[in-house]
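Just below is one structure, and these are the notes that go with it.
Numbering (the numbering used here), first residue to last: 245 to 676.
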């Protein structure tokens, strides 16, 4: 054997190993942080195939609409690119739908604005194990016509994307009530079988595994379009799941199933309230009514009821959205000084009448404060058009309210009086 040649081969191999990138390096480690959205991010050392889809007309409707691009053949995806082809678009969210009906948010393509002529915006590396069957984009055109180009990348083959020809998930014309009722039937079937089986038995475990699958499917469905489940049915589900969660066998397989169903349905309600989508409005009086009904149900639950924790959190959260929603309603209503002040008086009286610790006491106080703030701003405009006599009569009225021993908030009356008497001799006499 020629040992010189062998030695040269060994040295050459070592040099190649040093120069070549180590393909196995980093396996099993956390992925590096994704690059900025404008910089394409892709797994190294793998051939990528791309396929494109288009949304030719993005809605200008407030809150946007969902555009679903379905893959003709389901594939694993490694990256998405978005670009506006026309106009400006706001991308509220981008979601991958897997062949297991899981929904995976695409972080770097959510909450972004796309401008005409801007560079492509890329997603993070998509480390999704299952094949993707669809891409859903919640988008709104900003200020005029808008169109989008979507490019998907796979290491298997070129994805083929087709815009789904159906009513979008977030359309007011689409109701999920009947679909959810159908999907609840197998949930109840396997709950019944699990509850009738002996605790810890093979029969209970088998029923529990089937129940998990049915719950998973129900949750995926309600989250995919649950914002447009009718409000009455959504509230019915919340109350039903709470009752079942409280009543099923402690430690049984049905207990976590109903906990997950209750939590997921509650999440859908909160998303509906927060997003204020076009066909799902929650005025302040509706929020107060829902929260009050929840509070009554909570009061009827035993102290050790399993649903109490979730239900209490939900009740307080819904209640606490009401004042801010009320503020938005007042601002949009363009109320006169007198009308806004009357709104403030109405809620201030309810605040005074409530006992300390009552469920809506602080809510009424906050709502009255918002109404008085709107009234104060209206008075600043209206006072410019008042003659001296009108201003004097209002000063007399609110001086009496200032002295009303708490029946009217003194701080509010004082601010009104300052506005009414400002830059007048009467102001100097009263406040200097």
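Where is the CB? At the ideal position from N, CA and C, for every residue including glycine. Since we're looking at a predicted model, the values are computed, not measured.
Beta-carbon proximity of residue i to residue j, cut-off 9 Å
i	j	result
residue 299	residue 313	yes
residue 318	residue 337	no
residue 657	residue 622	no
residue 564	residue 509	no
residue 536	residue 604	yes
residue 588	residue 555	no
residue 356	residue 340	no
residue 516	residue 569	no
residue 618	residue 579	yes
residue 304	residue 388	yes
residue 542	residue 552	yes
residue 620	residue 560	no
residue 358	residue 326	yes
residue 297	residue 406	yes
residue 384	residue 449	no
Through-space distance from residue j to residue i, alpha-carbon basis
i	j	result
residue 545	residue 321	47 Å
residue 261	residue 292	A caution first: residue 261 carries a pLDDT of 39, below 50, which makes its placement in the model too unreliable to give a value.
residue 462	residue 386	34 Å
residue 575	residue 526	16 Å
residue 639	residue 661	6 Å
residue 665	residue 534	43 Å
residue 464	residue 629	58 Å
residue 633	residue 626	14 Å
residue 372	residue 343	11 Å
residue 437	residue 490	18 Å
residue 645	residue 572	27 Å
residue 474	residue 408	24 Å
residue 659	residue 642	10 Å
residue 307	residue 514	16 Å
residue 309	residue 435	36 Å
residue 281	residue 332	Its pLDDT being 42, under 50, residue 281 is placed unreliably by the model, and nothing is read from it.
residue 393	residue 421	33 Å
residue 518	residue 419	20 Å
N- and C-terminal bounds of the alpha helix (DSSP H) containing residue i
i	result
residue 303	Residue 303 -> no alpha helix (DSSP H), and no H or E assigned at all.
residue 236	Residue 236 lies beyond the stretch modelled for the chain, which goes from 245 to 676, so this question has no answer here.
residue 536	528-544
residue 647	Note, residue 647: premise wrong, no alpha helix (DSSP H); not H, not E.
residue 585	581-597
residue 480	475-491
residue 553	552-577
Best match in the options for proximity to residue i [C-alpha to C-alpha]
i	options	result
residue 391	294, 346, 311	311
residue 457	474, 475, 432	432
residue 374	592, 348, 383	348
residue 487	538, 443, 449	538
residue 506	633, 467, 641, 444	467
residue 316	495, 453, 404, 359	404
residue 581	567, 561, 635	635
residue 611	328, 591, 654, 559	591
residue 379	329, 482, 396	396
residue 400	297, 376, 558	376
residue 368	424, 323, 600, 645	323
residue 500	455, 552, 645, 381	455
residue 370	364, 382, 352	352
residue 653	345, 586, 518, 437	586
residue 443	513, 430, 492	492
residue 477	655, 328, 423, 331	423
residue 294	560, 402, 648, 345	402
residue 479	335, 327, 558, 650	558
residue 452	333, 650, 497, 550	497
residue 540	602, 297, 485	602
residue 512	481, 427, 553	481
residue 459	530, 503, 325	503
residue 548	594, 599, 494	494
residue 566	614, 598, 577	614
Residue span of the beta strand (DSSP E) that contains residue i, given as start and end
i	result
residue 309	309-319
residue 325	323-330
Check: residue i C-beta below 8 Å from any heavy atom of the ligand NAD
i	result
residue 537	With respect to small molecules bound, the structure shown includes none, and the ligand NAD cannot be examined in it.
Return the chain-ordered ranges of every beta strand (DSSP E) run that is complete within the segment 365-453 and spans a minimum of 3 residues.
376-385, 391-398, 405-407
Suppose only complete runs of 3+ residues qualify. What are the beta strand (DSSP E) ranges in the segment 333-364, listed by chain order?
333-342, 347-349, 356-358
Please list the segments of the alpha helix (DSSP H) lying wholly inside the segment 602-630, counting only runs of 4 or more residues, in order along the chain.
605-626
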